[in-house]
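Start counting at 1 in the sequence shown, then tack on 949, and there's your number in the working numbering. We put the CB at the ideal spot given by N, CA and C, even for glycine. Have a look at the structure below before the remarks.
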Amino acid sequence: MKFNIKIKRFLIILACITVGSFIISGIILYTTGGISAVSIKTTQIMKSEAFDAGNVNKLVIKTIDTDISIIPVVDKKISADFYGNARTNLTGFLPDLKTEFNNGVLTIEVSYPVTVTLGLINLSRLNLDIYVPDNFSREIACSSVSGDLETRRLELESFTFKSTSGNV
């Protein structure tokens, strides 16, 4: 009699653990995008922005895991081209080019999504090309994590580059 009660209690506990496991796996599949989230997909990113350089006193560039190229051109605009391939298993969670202009300061930033989900984001081969007028002589400040910087001949009042594991 006591043996049957112990077996019933064990089977109830085992059934609760099984149901709980299915609920947890369902929540994980829902938050990561479903079964299709198991496979990694490559997405091409292409985004451009342009601003009149006449009002810009300072150019601030912030990136993570993105190579930066500052290229002087014969133009009166500052433009940014963000492009490359992103490999991820999370749909809709890709890096984006954000720009903001306030009080003469143009900020160009590659922002990454804040996720509370479980998933793999493996970003590779991302580039940010900044085209500045060849007569732009004001201030440029760059900060990068795991990204390289390439510049060409520029004559500036001030140039600052802060990097963690990047090359100039």
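- Close CB contacts of Ile962 within its chain, under the 7 Å cut and outside five residues either way in sequence, are absent.
- In the DSSP assignment, Asn1034 falls within the unbroken beta strand (DSSP E) covering 1026 to 1037.
- Between Arg1087 and Asn1006, the gap from beta carbon to beta carbon is short of 8 Å.
- Boundaries of the beta strand (DSSP E) harbouring Asp1016: 1016 to 1022, taken from the DSSP string.
- Gly969 has its alpha-carbon roughly 11 Å from the corresponding atom of Ile976.
- Val1022 has its alpha-carbon roughly 29 Å from the corresponding atom of Thr992.
- Going by C-alpha positions, Val1009 is about 6 Å away from Ile1057.
- In this structure, Leu1105 keeps its C-beta atom at 8 Å or more from the C-beta atom of Ile1079.
- In its chain, beyond the 5 residues on either side, Phe1042 have a beta carbon closer than 6 Å to the beta carbon of Pro1062.
- Using a 10 angstroms sphere on the CB of Ser1107, the tally of other CB atoms stays under 16, which defines it as exposed.
- Leaving aside the five residues that flank Thr1109 on each side, the residues in its chain whose CB is nearer than 6 Å to its CB run, in chain order, Ala1090.
- When rounded, the separation of the alpha-carbon atoms in Thr1015 and Thr1100 is 14 Å.
- Residue state for Phe1085 is assigned as coil, using DSSP reduced to three classes.
- Ser1107: member of the beta strand (DSSP E) spanning 1107 to 1113, first to last residue.
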